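Participant: Have a look at this one before I ask anything.
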Amino acid sequence: MTTSGLCHRLALWSLRHVAYGIELGIFTLMAVSMAISFWVDNAIATMTTVSVVNDTFGIIQRNTYIRMTQDSSFRELNMTSSNSGEDNIPITEELADEFTKLDRMRQTTLIGVGFCATLGGMGLLSGHVINYYLLGYITELSITEYGPLVITPLSWCLFHLPLCFVLLVATWAVLHFLALGKTVASRYREHIDEDLKKAINEQVEALGPLKLHEGGVLLNYILLNALLFLGTRFTHELSKRSGVALTHSALWVGFTIMLFIFPSESMTRCDSSRRLLTWAELNNDMPWYTLLLANTCTTGLQQLARDEVHEHSLPKPLYVQIVISIVTSVMCELCQNTVVVAIFAPYVTHLCPDEQPTPEQSTKKRAASPPTCEDQPSKRTALQSVEPQLRFEDCESARQSDNAFELEDVVRPNDHWAMHKFRHYDGIAYVSASLSRELTLISEKVAYNLEDAKQVLDCAESLHPCRGAGRAKDFTYDVLTKKLEQQISHSDGLVFSVTCKGAVKQQGSSCISCKYVRKVILTRKSYLKRKERRNSVSTKLRVLSQRNKRMATRLLDIAGRLEEMRANNANVADKILEDKISSLPRKQQASVRACFQAAKQTSKQGMRYNQEWILECLLMKLKSPRLYQHIRKNEILMMPSNTTLKRYLRSYESAFGFNQAVMNTLKKKTASMSDLERHGGLLVDEMKLSEHFNVTASGQIQGFVDLGEFTKPEDKYQQCDHGMVIMFVPFAGKWSQIVGVFATKGNVRGDILLKILMEATILVEQAGLFVDHITCDGAPWNRKMWKLAGVSASSKKINGAIQHPVDEMRKLHFISDFPHLLKCLRNGLLQKGFATPDGLVSVHPVREAYLLDRSVRTLKVMPNLTETHLEPNSFEKMRTPFAFQLFGPYVLRGLAFYKEDIERRCGSIEATQLFFSKIQRLITVMTSRFRAEALRPASTDVAFLSNFLDFLNDWESFSDNKRHFLSESTAIGFRVTIANTLSLLKYLTESVGFKYLMTSRLSTDPVEHFFGIVRQSSGCNAHPSPDEFLITVNCLSFYNLAHSVDSANANPDMINALVTVHDRQGLKVTHKKLMILYHRENLARSKARLPRCQKSLLTTSM
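Quick note on the numbering used here: the sequence shown kicks off at 1 and runs consecutively.
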């Protein structure tokens, strides 16, 4: 062999072994990856369904536990086991605990078999049942003083890998032992089979055969599994034959989720399914391992059928082979799922128990057998001690919650508390805590989380036991009557009332019932003691004489002190008092004088009050009647009674229309005011009144429509239901004055309203004030009044002022209430949106921003925005703050913060942001209340208002129809209000001498505030009667006149003209004497009396 041939062979040999090595490495890598994939598949599938298994297993264990404790045969077995000679096992606490562990592992295995077989047959059964069995066993054996072991998905996967192979072999041995071994559970079941047989037969006879719709439920369950399996097999066959790699794991996970949702929601909540599963449980006479064997056989037949189709398939088209494979798999799967339902049905039945104890029965059980601690000695067994805590009514809510919180983490109230462990039984739906005294339930609390558990401990810490009525040895039976003996009970050497609550709020005290019993017993005891001791007459006389001497001495002492105080008070001259109170404010001086004047009199009746003090008292009673009565009743201040106040109120001239006395007094007040303080405007608004007639002492009926000289004949006898107020508000100063008040039926017609306002303007001008504007809301009758006055506005021309009726060189401006205009703008935006030149403006982006901000649990961008701002009802649409807050800075901040998220959902929001920023700027300019925010000439705010008018014109021309623009009334209101605001600013700064204008003075807010005071003065009635409305308005009108301006005092003549109480009694006497003289036909004396009567009438009318 040549060298080249040897090299060639060596190269071939090396290449062959390298190829073998590569092939072996690939095979090893595939085997390892397949083993890892199967391991991960089993572990993940176990953790996917372990919550459902644990939940079902806990409920099964609980129901089995209750059946064992309530079964009569079980109690008979426990009682007779010690006396009989049979091989019976007495049920003790240790034996019951051992049975619970064995039965728990057996049922865990069965549930694992049922779930795994339902999911995929023996393939999953060989893997997942090991996981379920191991989970139950480890959880049972790992209970320590700190609770059971917490198993997470990561720890389970790491623990699963080394034991997978070992447990695969050991599972079948354990199954065989649990199924065939003579354990305690099997012996117990042998004894009770005969007793349960009769009960089972009775239940089967009561249920009867399955009905058609109940069989449909079982058929739906089987068909659902078959349909899901059909989709899985179809995708598997299609991917294998077509070469397309489909995600089988994703389909399997979706199949698993749908499979668990269907039985838990559909098969365990309807009455037909409950009856079906009960029927399946009672008729399931076959052992579970026989059904498991049948399931294994059907799985094997299914696999053989699949292999037969694949190996001996004829050369048919691809779709024919797929159809044959699917049909064969479905037929086998139907048989398999039928057996699985028979296995799984008996255990699903326990999810919906047929009989549930009532809350009263549960309370009685808990009161009769309170739960005891495991560390404390008790005669009850473990089964009996836990029974009162098992309740059915809260199983659903407990199962919906996580149901697992660590009680060790609860913060104890103090170091005196210690953690005591109860015996652990899986399946208890919740933790229950009860506090009791002598089998009397004091309180009960269900703890679903750590916070509830902490509240239970704090509540128990705050409770203190009642110490009772006293010691039993202090109250002997010879003291008690039969009735008292029935009212008391003895416990631990103490006496308690039979109605004792057991707990009190303060430590060391007794409850009300025990205190009452103690008082009754002590009274009885004292009575018997006093009855035995009989004092002599001399002793009683001596005691009474000593008491009289003490009282006489005390009276003399008090009389001497009183005389001394009177002498000291008499020495204090009025001049000294005036000097001492001269530094006090004027109103406090009036209150001090009233107090000292009352101290000089022996009785409050007939006391004369200062007129200014009377007016202050009237106003305080109008604002808060309860506070007024509190101050007067407790003598905090010396105030007149309600009768005196009513006498002063009746003295006021109460009539609708313009009050000439108010105008005359107003002229005196404005004489000392500067020109800047006298410029202002008239505000007009209406409020609802209750329809009510009032009959005066003279027989006059009040409550009709009264517009003064403008009342029409047909409206003169109609009942009024609204009150209209005209108020003057200056541009500078904090005062306001009511000019006129009218009673109307509904709204006032526009032509009549215009006449009333013109007359009010003339009267106010004659009183020394300057009326520069008239403000009203956007009601239709107000717009009619504008139209009759010649006020109009459009995109081409704005005519918002008319010639002043008093001064031809001035103009009278008409302004619409800005808050009302803003509410109309808000309503249009919420209803239809706007089409502006910048784009479509809608409230939808604001709603999206609100939804995003609502989901944030920490700091919110829009904390003030609520559902009320976005979807207000009819009443909430009238609230002005909601409209202002919708266009506030928080909404703009939210739109900017969530802009990217909103634009992904709604598109561009630039137009909405620009529109909201303009309206927010408009609100700031038109509602200025401070000097820094006031409207000044040649400022950026003036330029903004001019630009906003141009924006309205461009918006109207851009909008093709009126649907995406403001309403006609709202548009006219905005144009006239903004234009007249600029015109007033120019007039006041150039002609009057103002430096700026507070635009908030142009709204009707003062009138709305005045209406609030009127409603509050009427008490609980939100709508006052016409008589109450008129009296309240007149009182407030007088108070505004008597109220002093800054750095000045009220004129005494002004107050006397307003609040003087006339001598009506003397007037009546004069009239009576005059009538007597007339009837006696003494004309000479009648003529002498007549001038005096005329003088009295003139004084009264003033």
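For glycine and all other residues, C-beta sits at the position ideal for the given N, C-alpha and C. Here the structure is a predicted model, which is why all the values come from computation and not from measurement.
Let me know the secondary structure DSSP gives residue 621 once reduced to three states.
Facilitator: Residue state, collapsed to three classes: helix.
Participant: Where do the N-terminal and C-terminal ends of the alpha helix (DSSP H) with residue 977 fall, by residue?
Facilitator: Start and end: 968 to 987.
Participant: Check for me: the alpha helix (DSSP H) holding residue 663 runs from which residue to which?
Facilitator: Start and end: 660 to 670.
Participant: Tell me the rounded alpha-carbon separation between residue 491 and residue 550.
Facilitator: When rounded, the distance between both Cα atoms is 48 Å.
Participant: Just curious, the alpha helix (DSSP H) that residue 884 is in, first and last residue?
Facilitator: Counting along the chain, the alpha helix (DSSP H) containing residue 884 begins and ends at 880 to 886.
Participant: Assuming residue 727 and residue 1026 are in contact, meaning their beta carbons sit under 8 Å apart, how far apart are those beta carbons, in whole angstroms?
Facilitator: Actually they do not touch by this definition, with Cβ atoms about 19 Å apart.
Participant: On the three-state DSSP scale, how would you describe residue 560?
Facilitator: Three-state DSSP puts residue 560 in a helix.
Participant: Could you give the DSSP three-state label for residue 385: helix, strand or coil?
Facilitator: Here the model assigns residue 385 a pLDDT of 28, short of 50, so the residue's position is not dependable and the matter cannot be decided.
Participant: Quick one: grab the DSSP three-state call for residue 64.
Facilitator: Note that residue 64 scores 49 on pLDDT, short of 50, meaning its location in the model is unreliable; the coordinates nonetheless yield the value given after this. Correct three-state label for residue 64: helix.
Participant: If residue 935 sits next to residue 996, beta carbons under 8 Å apart, how far is it from one beta carbon to the other, in whole angstroms?
Facilitator: Contact holds; Cβ gap of about 6 Å.
Participant: Kindly confirm or deny that the segment 926 to 943 and the segment 979 to 995 touch, where touching means at least three C-beta pairs closer than 8 Å.
Facilitator: With the cut-off at 8 Å, the segment 926 to 943 and the segment 979 to 995 touch.
Participant: Which residues mark the beginning and the end of the alpha helix (DSSP H) in which residue 958 is found?
Facilitator: Where residue 958 is concerned, the enclosing alpha helix (DSSP H) stretches over 940 to 958.
Participant: Along the chain, which unbroken stretches of the alpha helix (DSSP H) at least 4 residues long are found entirely within the segment 871 to 930?
Facilitator: Listed in chain order, the complete alpha helix (DSSP H) runs (minimum 4 residues) inside the segment 871 to 930 are 880 to 886, 889 to 897, 899 to 906, 910 to 926.
Participant: Consult DSSP for residue 465 and reduce its assignment to one of helix, strand or coil.
Facilitator: DSSP places residue 465 in strand when its eight states are reduced to three.
Participant: Go through its chain and collect everything with a Cβ distance to residue 751's Cβ below 7 Å, but skip five positions before and after it.
Facilitator: Result list for residue 751: 788, in chain order.
Participant: Starting from residue 772, follow the beta strand (DSSP E) in both directions and report where the run begins and ends.
Facilitator: Note, residue 772: beta strand (DSSP E), 770 to 776.
Participant: Where does the unbroken beta strand (DSSP E) through residue 683 begin, and where does it stop?
Facilitator: Note, residue 683: beta strand (DSSP E), 679 to 688.
Participant: Under 8 Å between C-beta atoms, does residue 1000 make it to chain B?
Facilitator: In the structure shown, chain B does not exist; there is a single protein chain.
Participant: Given this structure, state the Cα-to-Cα distance separating residue 587 from residue 610, to the nearest angstrom.
Facilitator: Between residue 587 and residue 610, the C-alpha separation is close to 11 Å.
Participant: I think residue 689 touches residue 733, with their Cβ atoms under 8 Å apart; what is that distance to the nearest whole Å?
Facilitator: Not quite, the Cβ-Cβ distance comes to about 30 Å (not below 8 Å), so this is no contact.
Participant: With DSSP collapsed to three states, give me the class of residue 694.
Facilitator: Residue 694 falls in the strand class under three-state DSSP.
Participant: Can you tell me which of 973, 731, 720 puts its alpha carbon nearest to the alpha carbon of residue 741?
Facilitator: Measuring from the Cα of residue 741, the nearest candidate turns out to be 720.
Participant: Alpha carbon to alpha carbon, how far is residue 638 from residue 625?
Facilitator: Rounded to the nearest angstrom, the two C-alpha atoms are 15 Å apart.
Participant: Please classify residue 627: is it buried, with 16 or more other beta-carbons within 10 angstroms of its beta-carbon, or exposed?
Facilitator: Answer is exposed; the Cβ neighbour count stays below 16.
Participant: Quick check on this structure: which residue in 567, 580, 469 has the alpha carbon closest to the alpha carbon of residue 600?
Facilitator: Nearest option by C-alpha distance: 567.
Participant: Using only the alpha-carbon positions, how far apart do residue 765 and residue 771 sit?
Facilitator: Looking at the two C-alpha atoms, the distance is approximately 7 Å.
Participant: Tell me which residue opens and which closes the beta strand (DSSP E) that residue 740 is part of.
Facilitator: Per DSSP, residue 740 belongs to the beta strand (DSSP E) from 737 to 744.
Participant: Would you mind giving the Cβ-Cβ distance between residue 774 and residue 681, rounded to the nearest angstrom? I have them listed as a contact below 8 Å.
Facilitator: Between residue 681 and residue 774 the Cβ distance is about 6 Å, and since that is below 8 Å, they are a contact.
Participant: Between residue 694 and residue 703, what straight-line distance do the alpha-carbon atoms span, to the nearest angstrom?
Facilitator: Using only the alpha carbons, I get a separation of about 6 Å.
Participant: Leaving out five residues before and five after residue 834 in sequence, what residues of the same chain have Cβ atoms less than 6 Å from its Cβ?
Facilitator: Excluding sequence neighbours, residue 834 sits near 841, 964.
Participant: Is the beta carbon of residue 975 less than 8 Å from the beta carbon of residue 793?
Facilitator: Yes, they are a contact pair.
Participant: Since I believe residue 945 is in contact with residue 925 (beta carbons under 8 Å), could you give me their beta-carbon distance rounded to a whole number of angstroms?
Facilitator: At roughly 6 Å, the Cβ-Cβ gap stays under 8 Å, so residue 925 and residue 945 are in contact.
Participant: Using the three-state DSSP reduction, which class does residue 551 fall into: helix, strand or coil?
Facilitator: Residue 551 falls in the helix class under three-state DSSP.
Participant: Where does residue 997 sit, in a helix, a strand or coil, going by DSSP?
Facilitator: If DSSP states are grouped into helix, strand and coil, residue 997 belongs with the strands.
Participant: Closest by CA to residue 795, which one among 805, 658, 955?
Facilitator: Minimum Cα distance to residue 795 is reached at 955.
Participant: Taking the beta carbon of residue 530 as the centre, do at least 16 other beta carbons fall within 10 Å, making it buried, or is it exposed?
Facilitator: Residue 530 comes out exposed.
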